[in-house]
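Data first, discussion second: the structure below is written as structure tokens.
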Amino acid sequence: MSRIDALHRSLAPSSWVKRFASKILLTGSVLDVACGAGRHTRLFLEQGHSVTAVDRDLSALADIRNERLTRIESDLETEPSWPLFGERFSGVIVTNYLHRPRLKDLVENVESSGYLIYETFAQGNQRFGKPTNPKYLLRSGELLELVRGALTVVSYEDIVVTKPKPAKIQRICALRERI
Ligand SMILES: C[S@@+](CC[C@H](N)C(=O)[O-])C[C@H]1O[C@@H](n2cnc3c(N)ncnc32)[C@H](O)[C@@H]1O
Numbered sequence: 022m023s024r025i026d027a028l029h030r031s032l033a034p035s036s037w038v039k040r041f042a043s044k045i046l047l048t049g050s051v052l053d054v055a056c057g058a059g060r061h062t063r064l065f066l067e068q069g070h071s072v073t074a075v076d077r078d079l080s081a082l083a084d085i086r087n088e089r090l091t092r093i094e095s096d097l098e099t100e101p102s103w104p105l106f107g108e109r110f111s112g113v114i115v116t117n118y119l120h121r122p123r124l125k126d127l128v129e130n131v132e133s134s135g136y137l138i139y140e141t142f143a144q145g146n147q148r149f150g151k152p153t154n155p156k157y158l159l160r161s162g163e164l165l166e167l168v169r170g171a172l173t174v175v176s177y178e179d180i181v182v183t184k185p186k187p188a189k190i191q192r193i194c195a196l197r198e199r200i
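Its first residue numbered 22, the sequence shown is counted upward by one per residue in our numbering.
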């Protein structure tokens, strides 16, 4: 596990995710992508949701005993197809993870009246530290482009934060309107 992974594994839920968590209907389930130690998996289980947690290493969820939790241990970057293809969730949560080839699949996973909550590092983070590789940094406006024509933006930020450590991040909460 990298130092960044270790840091995120020990953290409280993201304030961005907490801010919008109550919008997500209890009738659907939540997908926590690249869940790490499951800080958001744990948050939504505590709220009463069913949660599908996906990561290439789910060992940090070993302590969770909850029948509302579905575990999918999968390398999302080597699988030939998206393991959640065709499934719909009332909330799709992604924090501190970016694999561009799957971004559109994640939007497809959002059900009607469901939300995408996404927060990760953005271009400009290089001056604060890792990640510095453009592969892992969102381009300006990239999350807005991602949801355009599919989801309605509830809130979006492209900012420098100081906590939990100084970083340049981009974050969005977006809704699939009911039609
Ligand atoms: C920085 S951690 C973020 C964890 C969590 N989302 C959070 O914010 O607390 C990145 C996570 O992505 C997972 N990950 C990295 N590459 C992956 C891959 N190819 N397939 C699945 N998970 C991956 C790592 O195992 C790690 O748990």
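Glycine included, each C-beta is placed from N, C-alpha and C at the ideal position.
Taking the beta carbon of residue i as the centre, do at least 16 other beta carbons fall within 10 Å, making it buried, or is it exposed?
i	result
Thr153	exposed
Asp76	buried
Cys194	buried
Ala188	buried
Arg148	exposed
Phe41	buried
Glu163	buried
Ile200	exposed
Gln191	buried
Glu88	exposed
Ile45	buried
Ile180	exposed
Gly107	exposed
Gly69	exposed
Ser102	exposed
Ala58	buried
Ala83	exposed
Gly150	exposed
Pull up the CB-CB distance for residue i and residue j, whole angstroms please, since I reckon it's below 8 Å.
i	j	result
Ser71	Ser50	4 Å
Thr141	Asn117	5 Å
Ile114	Val38	6 Å
Thr73	Leu52	5 Å
Thr62	Leu90	7 Å
Pro104	Ser95	5 Å
Ligand 1 and residue i: does any heavy atom of the ligand fall closer than 8 Å to the residue's C-beta?
i	result
Thr118	Note on residue identity: the sequence assigns Tyr, not Thr, to residue 118. It does: the Cβ of Tyr118 is within 8 Å (strictly closer) of some heavy atom of ligand 1.
Val51	no
Val175	no
Ser35	yes
Val115	yes
Asp78	yes
Cys56	yes
Arg109	no
Arg192	no
Glu98	yes
Leu196	no
Leu82	no
Leu254	Residue 254 lies beyond the residue range present for the chain, which begins at 22 and ends at 200; the question has no answer from this structure.
Pro32	At residue 32 the sequence reads Leu, which differs from the Pro that was named. The answer is yes for Leu32.
Arg60	yes
Identify every residue that forms a DSSP beta bridge with residue i.
i	result
Ala143	Leu159
Gly59	DSSP output for Gly59 lists no bridge partner at all.
Asp179	Gln191
Asp53	Ala74, Ile114
Val131	Phe110
Could you confirm whether any beta carbon from chain D is found closer than 9 Å to the beta carbon of residue i?
i	result
Thr48	Any reference to chain D falls outside this structure, which holds one protein chain only.
Would you call the segment 160 to 167 in contact with the segment 121 to 139, where contact means no fewer than 3 C-beta pairs closer than 8 Å? yes
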